[in-house]
Amino acid sequence: MPIRRVIVALSGGSGIPYAVDLLTALRDLGSASAPIETHLIVTNGAKQVIPTESDLGLKAIEALADVVHKDADLGAGIASGSFRAHAMVIVPCSAGTLAKVALGFTDNLVSRAAHVTLKERRPLVLVVREAPYSRPMLQNMLSASDAGAVIMPASPGFYHRPDDVATLLRGVTARVLDLLALDNDHAPRWKDD
Ligand SMILES: Cc1cc2nc3c(=O)[nH]c(=O)nc-3n(C[C@H](O)[C@H](O)[C@H](O)COP(=O)(O)O)c2cc1C
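Under the numbering used here, the residues of the sequence shown are numbered 56 to 248, in order.
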């Protein structure tokens, strides 16, 4: 099986623990016969949020990924459609980054890689985080969805009775992994039959 390269971008929304859980799951899901290679980008906004939301610092989060790119590096391989990426997730996706994706405004590597993911018709999952949503954000979500992105709100379910934050996170991460077509048992399903 060819290597599956997944781009994971952290922007400055609240929800860094979702990103940590996804990066950990992607690291653990890969195997010798079905390898997964993660490419991480962290915006300056995310770097501001990380210390307030996670016991893991930036370096420890970067260590969960296989390749780390600078958000300013518009010459990175993942800025080109010729790079054989499987999919991209922006988690958390801030209102600002969502707006860039919706408009095709590509002034940093996160927005450029997302634009490339859309134009190449590859899966792009936006784990948006804001509450409540503004009208511009609602419009941008519709535009991004029309362009091919999946809007996946950081909105955990409760039917698997999460009794701690880790379990709550896993429910959202499992759905993201499903959207990437990565077989997983990261959280219980409602029914398997
Ligand atoms: C602690 C903290 C929490 C934030 N939470 C959110 C959020 O949930 N959603 C959002 O859209 N912006 C949030 N922001 C604001 C963004 O970080 C800010 O708009 C930033 O410019 C986004 O830039 P980026 O998309 O390039 O990361 C938060 C900022 C801080 C400091």
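For every residue, glycine included, the Cβ atom is placed at its ideal position computed from N, Cα and C.
Around the Cβ of S210, a 10 Å sphere holds fewer than 16 other Cβ atoms; the residue is exposed. In the structure shown, R60 falls within a strand segment according to DSSP collapsed to helix, strand and coil.
With a beta-carbon spacing of about 6 Å, V231 and V144 fall inside the 8 Å limit used to define contacts. The alpha-carbon of Y188 is positioned some 23 Å away from that of K102. Nearest Cα to E175 within the set D126, V220 and G136: G136. In terms of side-chain proximity, the C-beta atom of A199 is found no nearer than 8 Å to any non-hydrogen atom of ligand 1.
Burial state of Y73 is buried, judged by a 10 Å Cβ sphere holding 16 or more other Cβ atoms.
Residue A142 holds the alpha-carbon nearest to the alpha-carbon of A204 among A142, K114 and A131.
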